[in-house]
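Single-structure report; data block below.
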Amino acid sequence: MEDSSHLYVDDVKLFLAAETHIGSRNADFQMEQYVYKRRPDALRDVVPLIGVHIINLRKTWHKLQLAARAIAAVKNPADICVISARMYGQRAILKFANHTGATAIAGRFTPGTFTNQIQKAFKEPSLLVVCDPRTDHQAITESSYVNIPVIAFCNTDSPLKFVDIAIPCNNKGPKSIGLMWWMLAREVLVVRGETKREKGFRFMFKGENIMVDLYFYRDPEEAEKEEVSEKPKEAEMADNRWGQAIEADKMDMSEWTVKPMGSQLPTDFGTARGATWSEQDEWGSSGNVQNWTGAGDADSGWE
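Given below as structure tokens:
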């Protein structure tokens, strides 16, 4: 049986690559229990203790496991509300909601969403997961009024007021935020039995590989530049296809044997064979002239 509490080497490499262990220079007194040590900087001789705090990744992993079990225990996944007011976490929570079935609120949190029953955006979630307790303080405060448990990604300087499960990590870096939401989604699906841990930087979801960078924040300007740079390549590929030689052996000749509908139409339009189209009829010539008045018809029946 797989030990879920074991911290694997691949996960540690991801933590270190995304700088999840890098905290801030300040530390809240309630977050000191998650601090491993303080890193000395180059200015330690001038200003003592100026370095950033290093987060204990083993405690980060244990809290991540606890949060995944709490999320998986909710019967209806839509009752789980994930919130991120910061732009670095908005893409991540949308992907998290898509993979776990939670409800995402990306962007500004409307005051009264949990307390004002009159407004259209009123919600009654069973569990709240926030990206930053300091930025998403309004949602945490309202959850305390209606007894909603809160899970939060907390840095060393984050306040833990009204937070039930604090996951210590770097919640300021875009890659660290994306990695933590990706790992939380993976662990939730593992607890539910919908997927399993695999080597590398991905997990399987409905037959698709969910990579880590899918949760990372993307700058809109860079995304537009990538789209503009890809358009000329597609145009070049389309132009180069006209110069390629077509091999007769690889062609499907079954479609060419079918006669089109146009071959069944009549080709004789009342012209004699060998007649020239350049000849013009004389307007004054007496040919087959029809009597439009109908005076010559004796059996017309009109009197």
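Numbering-wise (my numbering), the sequence shown opens with residue 4 and increments by one. Just so it is clear, CB atoms sit at the ideal spot from N, CA and C, and this is done for glycine as well.
In the assembly as shown, GLU229 is an exposed residue. Its beta-carbon has fewer than 16 other beta-carbons within 10 Å. Taking the C-beta atoms as reference points, GLY176 is found no nearer than 7 Å to GLU35. Contact annotation: SER179 and CYS134 have beta-carbon atoms that are not nearer than 7 Å. In this structure, DSSP gives ALA30 a state outside helix and strand, which the three-state scheme calls coil. Looking at the DSSP output, ILE154 shares a beta bridge with VAL132, ILE168. In the displayed model, HIS24 falls within coil according to three-state DSSP, outside both helix and strand.
Spatial neighbours of THR198 in its own chain (CB-CB distance under 8 Å, excluding positions within 5 residues in sequence) are listed in chain order as ARG189, LEU192, PHE206, MET207, PHE208.
A straight-line Cα-Cα distance of about 9 Å links LEU19 and LEU60. Nearest C-alpha to VAL194 among LEU69, LYS16, LEU10: LEU69. Of all alpha-carbon atoms in TRP184, LEU130, LYS40, PHE117, the one lying nearest the alpha-carbon of PHE156 is that of TRP184. Under a 10 Å Cβ-count criterion, PRO128 is classified as buried, with 16 or more other Cβ atoms of the shown protein chains found around its own Cβ.
For ALA169, same chain residues with a beta-carbon under 7 Å away, outside a window of 5 residues either side, are LYS66, ALA155, CYS157, LEU163 in chain order. TYR91 and ALA109 have their C-alpha atoms some 10 Å from each other. Restricting attention to THR106, PHE112, LYS16, ALA73, the CA atom closest to the CA of CYS84 is found in THR106.
When the beta-carbon positions are compared, ALA124 and THR116 come within less than 7 Å of each other.
If you check the CB distance, ALA71 and PHE112 do not come in under 7 Å.
Residue burial annotation: ASN174 is buried, with at least 16 other C-beta atoms found within 10 angstroms of its C-beta. Secondary-structure assignment with DSSP links GLU211 through a beta bridge to PHE208.
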